[in-house]
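Residue 2 is where the sequence shown starts when you use my numbering, and the numbers rise one by one after that.
To start, the structure under review is shown below, and the notes come after it.
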Amino acid sequence: MSADGDRKNALFIRCGIWGFAGVALAAVFLPTGLKAHSGAHGVVMDRMEIMISHDEARAAIENMLFGDADYDAQRIQAYAKAIADQSGDALTKLFPEDSLHQPSLALPAIWQDWEAFKALAQELKRNAETLEEAAARYPAKSSQDTQPQVTGDITVEQAFEALGDTCNSCHLKFRQR
Ligand code: HEC
Numbered sequence: 002m003s004a005d006g007d008r009k010n011a012l013f014i015r016c017g018i019w020g021f022a023g024v025a026l027a028a029v030f031l032p033t034g035l036k037a038h039s040g041a042h043g044v045v046m047d048r049m050e051i052m053i054s055h056d057e058a059r060a061a062i063e064n065m066l067f068g069d070a071d072y073d074a075q076r077i078q079a080y081a082k083a084i085a086d087q088s089g090d091a092l093t094k095l096f097p098e099d100s101l102h103q104p105s106l107a108l109p110a111i112w113q114d115w116e117a118f119k120a121l122a123q124e125l126k127r128n129a130e131t132l133e134e135a136a137a138r139y140p141a142k143s144s145q146d147t148q149p150q151v152t153g154d155i156t157v158e159q160a161f162e163a164l165g166d167t168c169n170s171c172h173l174k175f176r177q178r
């Protein structure tokens with residue numbers, strides 16, 4: 002948990018410094034009519050914050066499925082819903098064309114292959130919803146092994162893996178590092 006806290010602090014410091022530099026530069030160089038771009042500092046910060054909370058949700062679920070934390074289907078549903086709510090259009094709208102300024106880790110490929118990027122953001126939403134539904138079907142961890150599986154139904158673990166694959170595919174193509 003403290004590692005997450007440290008990441009969040011580092012992000013706020015990064016955004017704070019660049020946000021301040023951006024505002025100062027805008028004040029010096031831009032005529033007042035040209036302020037439209039200063040809001041872009043907001044979108045980079047906003048989407049990084051969303052990504053960090055996606056990461057916290059992923060880590061918490063992983064810990065319930067494979068780590069020390071107790072399995073809690075309702076918590077998994079809540080985390081999955083939070084991811085679903087902040088993906089699809091809610092996510093892509095935070096990527097206006099060429100919003101690549103510091104401290105963004107986004108790659109220009111996003112706007113060169115916008116359809117693929119959008120499709121992955123939609124896939125994230127669908128997979129998070131599928132995970133939410135799976136957790137609703139399996140109130141206890143053991144029920145994943147004992148309940149007869151209806152054809153087409155996937156377990157919480159399978160849904161979680163599919164979700165993680167979507168995070169990774171998007172980062173591989175559209176994020177630095
Ligand atoms: C549609 C593409 C896409 C999907 C899906 C996606 N990400 Fe990201 N992620 C990005 C991009 C692009 C960035 C860089 C954003 C920026 O810095 O402007 C990023 C950044 C991040 C960061 C770094 C934040 C920071 O500033 O330190 C983390 C952590 C992260 N994502 C976690 C996740 C997790 C976990 C998931 C899945 C639950 C996920 N992402 C799904 C595109 C995606």
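Just so you know, even glycine gets a beta-carbon here, dropped at the ideal spot from N, CA and C.
Between residue i and the rest of its own chain, which residues show a CB-CB distance below 7 Å, the 5 nearest in sequence each way excluded?
i      : result
Gln177 : Leu106 and Leu108
Asn64  : Ala70
Ser170 : Leu121
Lys179 : It is not possible to answer for residue 179, since the shown part of the chain is limited to 2 through 178.
Lys142 : Tyr72
Lys119 : Thr93
Asp114 : none
Ala179 : Residue 179 is absent from the model: the chain starts at 2 and stops at 178.
What residues are listed by DSSP as bridge partners for residue i?
i      : result
Arg176 : Ala107
Taking the alpha helix (DSSP H) that residue i belongs to, which residues open and close that run?
i      : result
Ile155 : From DSSP, Ile155 is part of no alpha helix (DSSP H); its letter is neither H nor E.
Gln87  : That residue, Gln87, is in no alpha helix (DSSP H); it is neither H nor E in DSSP.
Leu125 : Trp115 to Arg138
Closest by CA to residue i, which one among the options?
i      : options                           : result
Cys168 : Cys16, Glu57 and Leu12            : Glu57
Met46  : Gln78, Gly17, Gly89 and Arg76     : Gly17
Gln78  : Leu121, His102 and Glu130         : Glu130
Tyr72  : Ile155, Lys174, Leu164 and Pro140 : Pro140
Leu164 : Arg48, Val44, Leu101 and Glu134   : Glu134
Thr156 : Ile51, His172 and Leu66           : Leu66
Tyr80  : Trp115, Gln113, His55 and Lys174  : His55
Glu158 : Ile14, Gly68 and Ile51            : Gly68
Leu173 : Ala117, Arg138 and Asp154         : Ala117
Using C-beta distances below 6 Å, list every residue in its chain close to residue i, excluding the 5 sequence neighbours before and after it, in chain order.
i      : result
Gly40  : Only weak support exists for where Gly40 lies, its pLDDT of 44 falling under 50; the value from the coordinates is given anyway. Contacts found: none.
Glu124 : Thr167
Lys82  : Glu133
Met49  : Leu12
Leu95  : Val44, Asp47 and Arg48
Trp112 : Glu98
Ile51  : Gln87
Give me the Cβ distance between residue i and residue j, rounded to the nearest whole Å; I'm assuming they're in contact under 8 Å.
i      : j      : result
Ala136 : Ala74  : 5 Å
Asn128 : Ala160 : 7 Å
Within a Cβ cutoff of 8 Å, which residues of the same chain sit near residue i, ignoring the five residues on either side of it in sequence?
i      : result
Ser100 : Ala41, Val44, Val45 and Ala107
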